Structure formats: structure tokens, C-alpha cells
Amino acid sequence: MTDTQTHYRTCNICEAMCGLEIQHRGSEILSIKGDSNDPFSHGHICPKAVALQDFYNDKDRLKAPMKRTADGWQEISWEAAFEEIASRFRGIQQEHGQDAVGVYLGNPNAHNFGNAIMLPRFFKALGTNNRYSSASADQLPHHVASNYMLGAGMLIPVPDIDHTDFMLIIGANPIVSNGSLMTAPGVGKRLKAIQQRGGKVVVVDPRRTETARKADQHLFIRPETDALFMLAMVHTLFEEQLVTLGHLDDRIDGLEQLAEAVKPYSPETVAAACGMTANAIRELAREMSAAKSAVCYSRMGASTQSFGGLCQWLNNVLNILTGNFDSRGGAMFPQPAFDLVRDKKGKPSSYGRYESRVRKLPYFNNEFPVATLADEILTPGEGQIRAMITIAGNPVLSAPGGARLEDAFDALDFMVSVDIYLNETTRHADIILPATTGLEVPHFDVFFNSFAVRNTAKFSEPMFEKAPNQKHDWEILRDLALQLTGLEDDGITPETMLDLGLKHGAYGKEGMSLETLKANPHGVDLGPLQPCLAQRVQTEDGKIRIAPELYLKDLKRLDASGLLQADENSDYPFTLISRRLPRSHNTWTQNSHRLVKGKNPCTLQMNASDALKIGLEDGQLATVTSASGSINLPVEIDDDMFEGVISMPQGWGHNRPDTAMSIAEGQPGVSMNDVTDSGRIDALTGNAAFNGTRVAVKAA
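When we follow my numbering, the leftmost residue of the sequence shown carries the number 514, and every step to the right adds one.
Set out below in C-alpha cells:
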């Protein structure tokens, strides 16, 4: 009998970077628990980690290339798959241009060490500008703000949650998300620690979330009005002479322009539209200004709406004006061992380098907004996308207007998917290329160390060897690139690139290398966040642009939106927002029986008074209708919802035909994106506006 072995690794399902201790006997997994010696997570794990064994053992998981034929899906060899893909892609590009092939990257790519490092090589080989990803359904407002204010889109300020005395959380639920764009395992304990040291936590959200229930104060707010609320806070800081810039006093450019721009947005002017009192807004501004240290953190609710760009700009502005930018306990900047912020001083931004063909949406960070992907496929003309490759993504469920995206994929001349499942998106492909899963791959968090609340580094060896016929994602992309270009393999691997980056990074002189990390399987502690913006800011003169013209101009769009009038909509009287679930991550965790067992979590949460008005009872099936479509799901009466606002989770809807995810199909839920509208975006950044969709609700 094989002896029991212990494997240490970082969980790569969500952003939290929890350290795991996995006991196994050969290929049999005995237990998955938190690694108490991990210097970052200290033994914390969330419910999702135990699902790693389900993904590894999943009978539905594809393990060989599959081709669609007249007789159904059939296995083919890797060689035959690569030859056909390269031939079809090149033929389409030769006839219709390089941009006739599109690429979509799903969220798992951000958690995939190999792809994170090697994708640029594949992009170069494919040679198309038509690239899309889940980032524009999620986080573009953060990156655009950092680009225009600090000179680099990846220079994202992170709350120093472990040292702050006052934390204002807007449209975020970090106890469930583990801190999206604030990588922080065990947020519940971290928030409790703020309170235990005499600090305060305030949540502003249309729903009394799991985080709000643990906070000292919760304020309801109407969806889409977060920018008005934050403008009023900034107005108060100027009006009451509470602005304190601290050590950044000589580094702020545009303060006078900002002060002038916020004059129309007094708390008294915006309070009714926001659904709160003017005094509550003023008091929050005063408290944040008076705290010894404070930080404002806003996320999905503030980002995925019509004014997400303004929200993330104003989030930074609030932290700067209260002296809490690049300061202990405020919004700080990690110094990761593998740094994605390169020296870009004086180099032009990619924002707006191109416009999308149909809707003229901005290009940023080498991609176009996913909200316009269906337009680019379905609209005839020069530059039309005629072939696609989707990589570890399910945009039919995760992107706005999913039903229209299905029609678009059906209209393609050729489609390829790199994925381990036959799901709602890959069922449209002509060829599916399955890769290895989390326990079979080495791992280093390329992206999330850049957003972490403490500087650490950790490399995880593969727990299991891949089968001889299997390929890692990056190997699939490498072999496709070689087939497309006719070049020979140069032998470069993700590990060699990682080692080079570590040795030339911030800790290289201290001996940081891949070898160092391999010798420390629990990870290496590199210390708390430290003030470092003077060295890392990428604007040409080293100054922070607090009032970029792009944002000041967008205030006119906010003024013209009608939000200040808070008009009623008789046809669609309710406002729909999304919510996170502790045992779910986007669309790709629902085939784990450990994560979906129990009662249906895909419910429509609604305030009791709203339900009474339209005659709905708890558990009753309701129809939700928007201008884009209709869905049916059970009602959950919940007075944690603001009146006039309803909520349902993203990432469900595994009820399409011709898929092969048996666990997910047993608990399918419905897709929120069957009623969202791909035409609703934040015009400033191109990010999808999921939250704030106007809907009608009635008994099904």
C-alpha cells in the first residue's frame, strides 16, 4: 500500500491565494485543508478549495481533443487538431484579413500560471487585434483609472486592511469574494480585527450583504448612483476644508480642476437620488477624513454599472484627498516578486489606440470590450470576425446578452475552444482542446500577488503527473503557435520566464529565484505593504493626475443620465443587481457536487414589501423580464434588499441542450445574462453594465 503523502500548494480557484495542505495516497485524495504555515493565508480556506478533487476526478472532464462531426463528437489526435486549426485560421485570415479571427479569454486564465506568462507569444503568432476577455465584464474601470492617474493600468491601489482604522466598502462583498482586486484570505477575521482595535467598518450597498451584516454601519444606496454619492463626499471634503494630501502634497496634479468639477454635487443635491440623507453622506466624509488611517474600497457593484469608470476614479480620489494614498492603513501598492508593472514612463497608453468596428468602443490593455463581441461577429463588412478561439471561458453565461452571443457563435465559419468541458460555449465549437486541471499543473500567482494585502511569494509543484496524452494549456497554445508560424520550439517554458522575472525583480538581489521558492513549499513572506509609489508611479513627471480630462468630461454624461431626477419606470419598475455566492465562482465551478449540493442557490432576492405589492410569496416561481429577454426563478423574500431592487447570482444557467456537465445540469439555475443587455456599458471604459438592469417581475 502506498504511504500517505502531503502536498502543499496555493488554491487557484479564486483570488484569495489560500495555502492548502492536501493529504493523498497515490491518486486518492484523503483531505484538503488550510495550510497553517502559509505566510499569507495562515490556514484559512473557503468552501471552494475542497472542490479541486472533484475537478480532477470529474467523469465529465474531456481528456482528448474532440471534433464535431455529422455523427457527433469524436476524438482526434493532437496533431490532426493542430493541423486543421492552423489551416482553417490561416485560410480565413488570408481571405478576410488578420482580424477575422477573434480570441476570448475566460476568468480561469488569470489563475493559470502557464497561460498568464505564455499567452503573449500565442497572440503574436495569431496576429489579430480582435481580442476579448472577462476583464471587460469585471474590472476595466480599475485599470483605466490607474492608467490615467498613475501611468500604468496594473498599478492598482490595494486596501491595507490589516492596518486601517476606518474602512468604507462600496458595492463589494469581500467576506464572500475573499477580496476581489484586494487579495485577502479570511476577510471576516481581518474586518473583525479593525473593530477590535477600535476602528470602524461601513458598507454602502443596495443589499445588506454578508459583509454588511458584520460591519458597524450599513447604508442602502440605489444602484447606479455610487458616482453621485462619491462626488458628494469629495464635495464635502473641499467645502468643509477637510482635504489632507500628506506626503503626496507635491505630487498631485489637477487639484484645482477637481475642486471646481465637484461643486455641483453637494450631498443635498444627490441625496434623494442615492436614497440616503445628505447628513449621512457628510458624516461619512468627515469620519473618513478624521480617522487616523482610512481606506475606501469599491468593487463589482461600483465597477459593473453605467458609471463604473467614474466610480473607480473617485475611489482613488477619496483616498488621495484624505491623506490615505500610499500610506499605512490606506490604499497602498504591493511590491510583488514577479512584477507586472514595467517601466513605461513616457510611453503612450494603449487606451483608445483602436476603436471597435461596429460600436466604436475603446481598445485598452490589448483588447476590446466583450460587450461588443456579438456585434463584431454578426455585423457583415470588412473586418468581420469569422472564426474564434475561446480559452477557458464560457461567455454565453458570463457575458452580457448571452442569447445573442449564442447566435453569434453559431454564425461563425470556424470555432475552437480550449476547455475541459462541453459547456454552453464550447458546444458551438468545431474542435475542443482539453487541458490539465489545477492539481496537475505547477502554479505561481502571476496576477494576484499584484493585488495582495501582504507581499508574499509561493510556487506550487504539480501534485499529480499528467497522463502521457495530456497537455497543459500553455503547451496547447505553444503548439498551436508553432503550427501557425512554422517556427521551431525554442524550449522556453513558463518556469524559465518566471525564474528570470524573479531574479530581476524587487527581491532578486536578496536571492529570490524559482529555486528559492521550490525550497520553501509553504511560501516566502516578503513583509507588509510599504509606501513605494514614488518609485512605482509611471507618469512621465512622477506626479499623480487627480483630475484627468477623460473623467471630467464624463461628468456631463452623468448629468445627462437622469439619475438625479430618480425617474420611475412603469414598464420595468425594478432594478436588477448580481450577487456572489460562497460556493460558486463564475460559471466553471458548478460541476462539483460538493459546491452545488443542497437547496437551489439561484434565487431572486426581493424585499417583502415589493413582493407583497405584486403578490409573490417566498419560494414562488417568478418571471423576470427586461427589454432583452425573460427568465424564471424562485423568489426568496429578504428584507436585506433595498426596496425596488432585486438580486440574483451570476454564473448559472446550465440548462442549454447538447452540453455534458451532468452535475451542473442537475442544479442548473438560470443565466442572469439572458436578461442583461450588451448595449448597456460604461461608455468611458467599455466595461459591461450588468448591475442596474431595469426589469419587470411577476408570478410565473
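Quick reminder that beta carbons are idealized off the backbone N, C-alpha and C, glycines included. Bear in mind the structure is a predicted one, so any value in this text is a computation, not a measurement.
When the options are compared against residue i, the one with the closest alpha-carbon
{"i": "alanine 1124", "options": "Phe1087, Asp852, Ala912 and Leu1063", "result": "Phe1087"}
{"i": "leucine 940", "options": "Gly951, Phe927 and Thr949", "result": "Leucine is not the amino acid found at residue 940; the sequence shown has arginine there. The shortest C-alpha separation from arginine 940 is found at Phe927."}
{"i": "tryptophan 652", "options": "Met845, Lys576 and Gln818", "result": "Contrary to the premise, residue 652 reads as glutamine rather than tryptophan in this sequence. The shortest C-alpha separation from glutamine 652 is found at Gln818."}
{"i": "leucine 1043", "options": "His655, Phe846 and Thr892", "result": "Checking the sequence shown, residue 1043 turns out to be glutamine, not leucine. Out of His655, Phe846 and Thr892, Phe846 has the C-alpha closest to the C-alpha of glutamine 1043."}
{"i": "proline 1162", "options": "Ala658, Met631 and Ser690", "result": "Ser690"}
{"i": "lysine 1110", "options": "Ile944, Ser869, Ile1176 and Ser811", "result": "Ile1176"}
{"i": "leucine 668", "options": "His1106, Arg601 and Asn962", "result": "Asn962"}
{"i": "glutamine 566", "options": "Asn1082, Thr950 and Trp987", "result": "Thr950"}
{"i": "aspartate 584", "options": "Arg726, Arg538 and Asp943", "result": "Asp943"}
{"i": "tryptophan 1101", "options": "Val700, Leu1134 and His1167", "result": "His1167"}
{"i": "lysine 805", "options": "Gly711, Ser1105 and Ala772", "result": "Gly711"}
{"i": "lysine 1066", "options": "Gln518, Pro633 and Leu771", "result": "Leu771"}
{"i": "alanine 1253", "options": "Arg967, Pro1114, Arg855 and Ile1150", "result": "No statement about residue 1253 is possible, as the shown extent of the chain runs from 514 to 1213 and does not include it."}
{"i": "methionine 530", "options": "Ala648, Lys702 and His624", "result": "His624"}
{"i": "proline 975", "options": "His956, Gly1036, Met1154 and Asn643", "result": "His956"}
{"i": "isoleucine 989", "options": "Leu1039, Val1208, Ala594 and Met1174", "result": "Ala594"}
{"i": "isoleucine 904", "options": "Ala629, Phe972, Arg855 and Leu750", "result": "Ala629"}
{"i": "valine 966", "options": "Ser1026, Thr1138 and Pro1041", "result": "Pro1041"}
{"i": "aspartate 1038", "options": "Glu541, Met1185, Phe972 and Val783", "result": "Phe972"}
{"i": "methionine 1010", "options": "Thr1206, Arg634 and Pro552", "result": "Arg634"}
Assigned secondary structure, residue i (DSSP; H/G/I helix, E/B strand, else coil)
{"i": "methionine 680", "result": "strand"}
{"i": "methionine 514", "result": "At methionine 514, the pLDDT of 48 sits below 50, so the modelled position is not reliable; the number obtained from the coordinates is stated separately. Correct three-state label for methionine 514: coil."}
{"i": "alanine 697", "result": "coil"}
{"i": "threonine 817", "result": "coil"}
{"i": "arginine 644", "result": "strand"}
{"i": "lysine 1056", "result": "coil"}
{"i": "leucine 1046", "result": "helix"}
{"i": "valine 716", "result": "strand"}
{"i": "alanine 1202", "result": "coil"}
{"i": "alanine 706", "result": "helix"}
{"i": "glutamine 983", "result": "coil"}
{"i": "leucine 1129", "result": "coil"}
{"i": "lysine 546", "result": "strand"}
{"i": "arginine 455", "result": "For the chain, the structure presents residues 514 to 1213; residue 455 sits outside this window and is missing."}
{"i": "phenylalanine 838", "result": "strand"}
{"i": "leucine 845", "result": "The residue you asked about is not leucine; residue 845 is methionine in the sequence shown. Three-state DSSP puts methionine 845 in a strand."}
{"i": "threonine 1099", "result": "What sits at residue 1099 in the sequence shown is asparagine, not threonine. Asparagine 1099: coil per DSSP, three-state reduction."}
{"i": "tyrosine 876", "result": "coil"}
{"i": "tyrosine 1020", "result": "coil"}
{"i": "glycine 1014", "result": "helix"}
{"i": "threonine 1009", "result": "helix"}
{"i": "proline 865", "result": "Sequence inspection shows glycine at residue 865; the proline mentioned does not correspond to that position. Three-state DSSP puts glycine 865 in coil, outside helix and strand."}
{"i": "threonine 724", "result": "helix"}
{"i": "asparagine 968", "result": "strand"}
{"i": "aspartate 1171", "result": "coil"}
Integer Cβ distance of residue i from residue j, believed to fall under 8 Å
{"i": "arginine 795", "j": "proline 780", "result": "5 Å"}
{"i": "histidine 1098", "j": "isoleucine 526", "result": "6 Å"}
{"i": "threonine 724", "j": "isoleucine 683", "result": "Wrong, their Cβ atoms sit about 11 Å apart, outside the cutoff."}
{"i": "aspartate 1187", "j": "isoleucine 1144", "result": "5 Å"}
{"i": "alanine 1213", "j": "alanine 1140", "result": "The Cβ separation is near 19 Å, so there is no contact."}
{"i": "glycine 1036", "j": "threonine 969", "result": "5 Å"}
{"i": "aspartate 673", "j": "alanine 807", "result": "Incorrect: roughly 10 Å between the Cβ atoms, too far for contact."}
{"i": "aspartate 548", "j": "leucine 533", "result": "6 Å"}
{"i": "phenylalanine 851", "j": "leucine 1015", "result": "6 Å"}
Inter-stretch contact (C-beta, 8 Å, three-pair minimum) for the region 613-631 and the region 890-908: These segments touch.
Cβ contact (3+ pairs, closer than 8 Å) linking the region 603-611 and the region 979-988: no
Length-filtered (3 minimum) beta strand (DSSP E) runs lying within the region 572-636: 579-582, 585-588 and 614-618
Cβ contact (3+ pairs, closer than 8 Å) linking the region 661-668 and the region 633-646: no
Complete alpha helix (DSSP H) runs within the region 758-808 (minimum length 4 residues, chain order): Note on the region 758-808: whole alpha helix (DSSP H) runs with a minimum of 4 residues are 768-774, 780-787 and 791-803, in chain order.
Inter-stretch contact (C-beta, 8 Å, three-pair minimum) for the region 560-579 and the region 716-731: no
Cβ pair count under 8 Å reaching 3, the region 908-928 against the region 1190-1200: yes
Every unbroken beta strand (DSSP E) within the region 1114-1167, with a cutoff of 3 residues, ordered by chain: Those beta strand (DSSP E) runs which fall completely within the region 1114-1167 and span 3+ residues are 1117-1119, 1134-1138, 1143-1150 and 1158-1162.
Residue ranges of each alpha helix (DSSP H) within the region 889-956, 4 or longer: Residue ranges of uninterrupted alpha helix (DSSP H) with 4 or more members, entirely inside the region 889-956 and ordered along the chain, are 908-911 and 915-924.
Three or more C-beta pairs below 8 Å linking the region 773-789 and the region 742-756: yes
At least three beta-carbon pairs within less than 8 Å, the region 1021-1037 to the region 537-553: Judged by pairs of C-beta atoms under 8 Å, the region 1021-1037 touches the region 537-553, as three or more such pairs exist.
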